[in-house]
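For our numbering, count along the sequence shown from 1 and bump the result up by 1.
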Amino acid sequence: MTEPEDVLVSGEFAAFRAAYVPVVHPAGTDAVRRTVRRRRRRTAVVTAAAVVLAVAVPVGASAALHRRPDPPPVPAQTVTPSPSVTASPPPPPTTPVPSTASPSRAAPDGRISRSQLLAARVDLPAWTPDPDCTAGPTRIAASYRKEGDVLLEELVHGDVDGDGTVETVALLRCQIFQHGPSQVVALDRDADGRIVVLGQVARSARTAPEWLLDAQVTDRGTVRVEMADIAPGGGWSLDWSQRQWRGYRWTGKRFDQVDGPTSFGPNPHLADLTVSAGNVTWSAPDADGARTGTIAVTVRNLSAVPADLVELHLRMQVGTVADGTEWSACRDGAPPTGPIICRFGPLGPGAERTFRFGLRNTNSASGTGIAEVTPVRSDADPLMDPNHENNEDRYTYR
């Protein structure tokens, strides 16, 4: 700056001081303190605002980053209906994934062949009481070899317990001469494949039924057993026996009868005759040395069927013959020689008949005789009396 310019500026500053200094008053000590306090409060407020902004700005920024922006406004449009669209077919079924759970064990197959059964030892249930036929582990035979052999008479198959698999039903007979008890059993296999007895279906008895003939299994699992009231043998033909079918079902514990009759009626070819005889007292010998006497004999029919012809036989010492008119009641009259026999009849159910036969004897010995009664069998009347215990009676003569 040149010197004339400095002179001009100095003059201006001098004029400014002269104009404004008289009206400007100094603030003083109190004014200074107020100014300092005001500046300190302003500094604290500014610092707090800065802290708030330091916290709020990151949070707001984070929210802004994660907030989905609002969609832009869509202008209103006129919607034109579109034609209906056929729904697409559902996707093909997927192949099911095999379950990893362990399945329950299936019921064992109980179909047992004849050869398999004959090769096994089976724990059989009890038979009709017989000393030669016992329960327990038994080897089943195909043919008779000795008394007490268990023979396989019949073998059929079917689902008898409702488990969805087939079991085996066997008709077995314990052979005793021409007779022997019989039973029908249901067989199955255990989890290890061994042959076991599921249960006894039916068995023979001392009285009817004495004989089991056949076994079947229906579609519904009923086991049908054919049985007869009297066993064949000893002069009795199976044709004379009454037959019937009975049905049995498995209950889960045993077989119960569910079908057919439960008992047999009187067999028309079966009688039950009994006899009783009094003692004989001989008279004194006559001129020829012969003695005479009388015997009272009563015959009863205890059965429910008539006996068309009955035979009464008196067994006595040698030399005794029929004597007197009472023998005329017999069909053949008095026997002239040989056995002392009287045939008579008919004798109805529950009926009885008493005779007083005269006898003659040239033998002076004393002893015991036997009165025996039996029905006379014929083709037209095949009647038998299997109860031999009451067919005889003993008496004395002296």
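Ideal Cβ positions, reconstructed from N, Cα and C, are used throughout, including at glycine.
All values derive from a computational prediction rather than experimental measurement.
- For S116, no beta strand (DSSP E) encloses it; the enclosing alpha helix (DSSP H) starts and ends at 115-119.
- Ranking D260, R361, D191 by CA distance to the CA of T166 puts D191 first.
- In the assembly as shown, P130 is an exposed residue. Its beta-carbon has fewer than 16 other beta-carbons within 10 Å.
- For D189, the secondary structure class from DSSP, reduced to helix, strand or coil, is strand.
- In this structure, E327 sits away from T375, with a CB-CB distance that is not shorter than 8 Å.
- The closest CA to that of D150, considering only S183, G236, T363, I341, is found on S183.
- The DSSP assignment places complete beta strand (DSSP E) segments of no fewer than 3 residues inside the segment 221-284 at 224-229, 244-251, 256-260, 274-278, in order along the chain.
- In the three-state reduction of the DSSP assignment, E148 falls in the coil class, being assigned neither a helical nor a strand state.
- For V202 and S242, the gap between their C-alpha atoms comes out near 22 Å.
- Taking the CA atoms as reference points, G349 sits about 14 Å from P267.
- Taken through DSSP and simplified to helix, strand or coil, N362 comes out as strand.
- Shown here, E312 sits in a strand according to DSSP, grouped into three states.
- Beta-bridge partners of M385 (DSSP): L271.
- Boundaries of the beta strand (DSSP E) harbouring Q217: 212-218, taken from the DSSP string.
- Here the segment 154-173 makes contact with the segment 108-125; the two share three or more CB pairs at distances below 8 Å.
- Taken through DSSP and simplified to helix, strand or coil, A323 comes out as strand.
- When the five nearest sequence neighbours on each side are left out, the beta carbons in the same chain lying within less than 6 Å of the beta carbon of D309 are those of G346, P347, D382, in order along the chain.
- Per the coordinates, the alpha-carbon of V300 lies some 12 Å from the alpha-carbon of R357.
- One thing to note: R316 has its Cβ no nearer than 8 Å to the Cβ of N362.
- The bridge partners DSSP lists for F178 come to none.
- For R301, the enclosing beta strand (DSSP E) covers residues 292-302.
- When the beta-carbon positions are compared, G222 and D273 stay at least 8 Å from each other.
- The C-alpha of D386 is placed about 12 Å away from the C-alpha of P307.
- Comparing C-alpha distances from P286 to each of L360, N280, T169, W237 shows the shortest one belongs to L360.
- The beta carbon of D260 sits closer than 6 Å to the beta carbons of G248 from its chain, once the five residues preceding and following it are set aside; these are given in chain order.
- Counting every other CB atom within 10 Å of its CB across the protein chains shown gives Y396 a total of 16 or more, marking it as buried.
- When the beta-carbon positions are compared, E154 and L172 come within less than 8 Å of each other.
- The three-state secondary structure of S379, taken from DSSP, is coil.
- Considering only R174, V197, Y145, E168, the residue with the shortest C-alpha distance to P138 is V197.
- Taken through DSSP and simplified to helix, strand or coil, A372 comes out as strand.
- Looking at the backbone, the Cα of I296 and that of V186 are separated by about 55 Å.
- Counting only the Cα atoms, S365 lies some 10 Å from G320.
- For P138, the enclosing beta strand (DSSP E) starts and ends at 137-140.
- About 6 Å separates the CB atoms of L156 and R115; that is less than 8 Å, so the two are in contact.
- Within the same chain, D273 come within 8 Å of N388 by CB-CB distance, once the 5 residues on both sides are set aside.
- Assigned with DSSP and collapsed to three states, A330 falls in helix.
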